[in-house]
Every structure is written in structure tokens, then in C-alpha cells.
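Asks: For what it's worth, our numbering labels the leading residue of the sequence shown as -15, then goes sequentially. Take this structure first; my questions come after.
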Amino acid sequence: VRPVGVSEKLDLEVWASDLRPHRSGATVDLVASVRSRGDEVWRGRSTYLARGASAPEGSSTDLDVTIGDVAQAAVWRVPDDAGRRYAKVSGDVNPIHLSGLTAKAFGFKRAIAHGMWVKARALAALSGRLPPSFSVDVAFKKPLFLPSTATLSTGARDGGWDLAVRNQKSGQDHVLGRIRPL
């Protein structure tokens, strides 16, 4: 909610919430709250999918994103080593992102781009137009296979932005996102 100083002492609290059904299983949110001197300075929420699991009936996990008929903001040519490069800088060495061989062992036909890499790249494309503080919600729809060509489309909405990362050939959504000022 505000910038955090390098020398500030912080308290971190994390909890699970909102177990709910999903068309492929069940999702649960992990929520993190960071406090400085009792004041919340940052809050994050990540939603995780457990395929094949069940959950009591609850709210939908669909994200309301409207792009409409806008021009593509960018075309990305994503190389086959994008997953390995992301693993090197993030420390997230997941085999599904490293090579076709290791991805096949986990049921994918090729290596896939890391969802957080796709999200970060979309945010970077909007960096000059984002407010000083904002929230970001994304829905990961389909894997972005490597190598691949994807398009980023954006549209202004409610003082923020909606975005879609799509397969250039099929038009299928890889990531849908909503950015709103705080």
C-alpha cells in the first residue's frame, strides 16, 4: 500500500483462505500481509489450483477482463530458452519450463513459459502508464509453449488496465489480467 524502506523492520503473516471449486479441481488462495509498526504496507494474494481436488461450492474464479477491439500493444517472440533464463534469475527451477524433454515427463508437449514471467513481461510493457501503487489480478488460461509468438493487447478500464496475452496464431488466451490503482 506504500513504499517500504530498505532498513524497515517488517512482520510477515501468511494464511490460506477461500477454498473453492474450479472447473479443473479446486483452488485456494495464499494471502500474505506485510506490516511495519502495525500498519499494513503490502498485501499479496496468489491462487493455487489442485487438479482433480474437490471443494464446497463457492465463488467463481473467472476474472472479468474486457479488451474489446483494440490494437495489439506488442508482439512477443518468446525463444525456447526463456524458461531456463527465467529459472536462472528467479531461482524457480521447475522442469516444465526448462526443456521439451523435462516438460514431457510432466505431461506437456513442450517446455512452457513461466506464468510469472508472462505477467512480469506484460507489466513491463505498461511501465510508463501504471499508477504509483496498484493491484494486479491475473488468470492463467493456457500454457505458452516455447518457442512461441504471443500478442499483448491492453485496454484502459476503471482507471487502470485490462490485458490479454494471446497465441498469435490461434488467438487463445494464455494470460488475462486486470490492473487497478489503489
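In this text, a Cβ means the ideal position worked out from N, Cα and C, and glycines have one as well. Keep in mind it's a predicted model, so treat the numbers as computed, not measured.
1) Spatial neighbours of Val(-12) within its chain, please: C-beta separation below 6 angstroms, excluding the five flanking residues on both sides.
2) Using 8 angstroms for Cβ pairs, my map puts Leu85 next to Ala71. What's the rounded Cβ distance?
3) Among residues of its own chain, excluding the 5 on either side of Lys103, which ones have a beta-carbon nearer than 8 angstroms to its beta-carbon?
4) According to DSSP, is Ala58 helix, strand or coil?
5) Taking Asp23 as the reference, which of Leu33, Trp60, Leu(-6) and Arg94 has the closest Cα?
6) Which parts of the segment 93 to 146 are runs of the alpha helix (DSSP H), unbroken and 4 residues or longer, counting only runs that do not cross its ends?
7) Are Gly144 and Arg164 closer than 7 angstroms when you measure CB to CB?
Replies: The relevant details are as follows:
1) Same-chain partners within the cutoff: Val25.
2) Distance from Leu85 to Ala71 at the Cβ level is roughly 15 angstroms; contact not present, criterion being Cβ atoms closer than 8 angstroms.
3) Excluding sequence neighbours, Lys103 sits near Val120, Val122, Val159 and Gly161.
4) Looking at Ala58 - three-state DSSP - the assignment turns out to be strand.
5) Checking every option, the nearest Cα to that of Asp23 belongs to Leu(-6).
6) Runs of the alpha helix (DSSP H) inside the segment 93 to 146: 99 to 109.
7) In this structure, Gly144 places its C-beta atom within 7 angstroms of the C-beta atom of Arg164.
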